[in-house]
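Visitor: My questions all concern the structure below.
Below, the structure is given as structure tokens:
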């Protein structure tokens, strides 16, 4: 059952016109094997493999420029502020902290009420309102006692530390929760709409049920209504057949990509086409079966277990948790133009979130205090990378 906050009196007039279609310095990295070979998918925004599109080099490079901050606790969501600082969400403490990127100073904005951390659930993705410059709103996806939901809160930097978050206003609720597979990534797309990756909460059948919010990518207005042009009538479901989506990113032509946890065999990177079925639980990885959208690249689960992704320099960059590495997937359209390449293999432990920092820069967070890593004092950190 889909539960929404309220009806919206008016929508952005332009929304329907802007739909999306859809290592350390010197390290050469390592390439994935045949399992991660280029895929065959094509998204809606423009044809894959277009002759007009530049193709990045088959091999790239990563240089760690610096450690921005250390001593973080279960960092999950990461959102750059217009002034260059970063907001980071703590899954287990349910706090949002401002990190001054230049000096690494941390200031706790406050604790988000209503968060019920357990297992993989807690305070997960965060995103800034498209109108943040005027409304100062932070959106957050979190696990409550009854469901996963999306709220928004006023950020008032003039108030004392610890008191800078306003009361949460529930935008959307009713997303299934579980000890595992809560999804949690949210992001505003180039069309100004709010996208959310959800998990099937361990109930496999939810992914194929278009009436359920579990195992989906959702597309909403900023007020929490199904966005104009969504593929199913009066539904926020944008794509379905997902197991656990924790990475969302758009390329420079407004095409959406998503990372997805597999079960025992294949993790996936998908090019998202509205209304398409990505196969779970009937298919995991490239099945070639009719009616399912195959991933553009896949990995064995011990090589990836992907969470956040970002687009930069013509490639998708994907964080690996169990794989403890950063994957580069060069693109031509919505296909991989060369085999994926791994960087930072084991150098920083589990990697959770990747965010574009402009040009050839990325922010990356580690996730070693999440109960599955090797927690060391000050181990969880934010890194700044230069990539190509």
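Residue numbers (my numbering): 55 to 442. We put the CB at the ideal spot given by N, CA and C, even for glycine. Keep in mind that this is a model prediction, so the values were computed, not measured.
1) Assuming residue 131 and residue 180 form a contact by the criterion Cβ under 8 Å, report the distance between their Cβ atoms to the nearest whole angstrom.
2) Within 10 Å of its beta-carbon, does residue 95 have 16 or more other beta-carbons around it, so buried, or fewer, so exposed?
3) Going by C-alpha distance, which of 306, 127, 165 is nearest residue 192?
4) Beta-carbon separation of residue 323 and residue 234 under 8 Å?
5) What residues in its chain sit with their C-beta under 6 Å from that of residue 399, if we drop five residues either side in the sequence?
6) If you run the structure through DSSP and keep just helix, strand and coil, what is residue 260?
7) Assuming residue 162 contacts residue 151 under a Cβ cut-off of 8 Å, what Cβ separation, rounded to an integer in Å, is found between them?
8) Mind checking whether residue 243 and residue 253 have CB atoms under 8 Å apart?
9) Quick test of your reading: residue 214 and residue 167, contact by CB under 8 Å. State the CB separation rounded to the nearest angstrom.
10) Which residue wins for smallest C-alpha separation from residue 110, given the options 301, 408, 368?
11) Under a three-way DSSP split, which group does residue 354 fall into?
12) State the start and end residues of the unbroken beta strand (DSSP E) segment that holds residue 223.
13) With C-beta atoms as the reference, is residue 194 less than 8 Å away from residue 143?
14) Per DSSP, what are the beta-bridge partners of residue 369 in this structure?
15) Which residue wins for smallest C-alpha separation from residue 444, given the options 291, 274, 273, 250?
16) Okay, do the segment 359-377 and the segment 408-418 touch, 3+ Cβ pairs below 8 Å being the bar?
17) Using the three-state DSSP reduction, which class does residue 189 fall into: helix, strand or coil?
18) I'd like the list of long-range same chain contacts for residue 444, defined as Cβ closer than 6 Å, with 5 residues on each side in sequence excluded.
19) Where do the ends of the beta strand (DSSP E) carrying residue 122 lie?
20) Determine the extent of the beta strand (DSSP E) in which residue 161 is found, giving its start and end residues.
21) With residue 151 as the anchor, note down where its beta strand (DSSP E) starts and where it stops.
22) Could you check if residue 420 is buried or exposed, using at least 16 other CB atoms within 10 Å of its CB as the buried criterion?
23) Assuming residue 439 and residue 119 make a contact with CB atoms under 8 Å, what is their CB distance in whole Å?
24) Give the DSSP-derived three-state secondary structure of residue 54 in the structure shown.
25) Looking only at its own chain, which residues have a Cβ that is under 6 Å from the Cβ of residue 402, when we skip the five neighbours before and after it?
26) Would you mind reading off the limits of the beta strand (DSSP E) that contains residue 402?
27) Mind checking whether residue 256 and residue 293 have CB atoms under 8 Å apart?
28) Measure the alpha-carbon distance for residue 373 versus residue 358 and round it to whole angstroms.
29) Report the residue from 343, 388, 376 whose alpha carbon sits nearest the alpha carbon of residue 351.
30) So, helix, strand or coil for residue 433, using DSSP?
31) With residue 245 as the anchor, note down where its beta strand (DSSP E) starts and where it stops.
32) Using a Cβ-Cβ cutoff of less than 7 Å, which residues in the same chain neighbour residue 218 once the five nearest sequence positions on both sides are dropped?
33) Quick check on the DSSP output: the beta strand (DSSP E) that includes residue 204 runs from which residue to which?
34) Quick one: residues in its chain with C-beta nearer than 7 Å to the C-beta of residue 335, no 5 flanking neighbours on either side, listed in chain order?
35) So, helix, strand or coil for residue 409, using DSSP?
36) Per DSSP, which one or two residues make a beta bridge with residue 294?
Guide: Quick answer:
1) 4 Å
2) The predicted position of residue 95 is uncertain, since its pLDDT is 33 and thus under 50; no value can be drawn from it.
3) 165
4) no
5) 379
6) helix
7) 5 Å
8) no
9) Not quite, the Cβ-Cβ distance comes to about 17 Å (not below 8 Å), so this is no contact.
10) 368
11) strand
12) 223-229
13) yes
14) 366, 384
15) Here the chain covers residues 55 to 442 and nothing more, so residue 444 does not appear.
16) yes
17) helix
18) Past the edges of the chain, shown from 55 to 442, lies residue 444, and the structure says nothing about it.
19) 116-123
20) 159-165
21) 149-154
22) buried
23) 6 Å
24) Residue 54 falls outside the range modelled here, since the chain spans only 55 to 442, and no answer is possible.
25) 420
26) That residue, residue 402, is in no beta strand (DSSP E); it is neither H nor E in DSSP.
27) no
28) 8 Å
29) 388
30) coil
31) It is not in any beta strand (DSSP E) - residue 245 carries neither H nor E in the DSSP assignment.
32) 163, 164, 209, 210, 211
33) 202-208
34) 258, 261
35) strand
36) 270, 331
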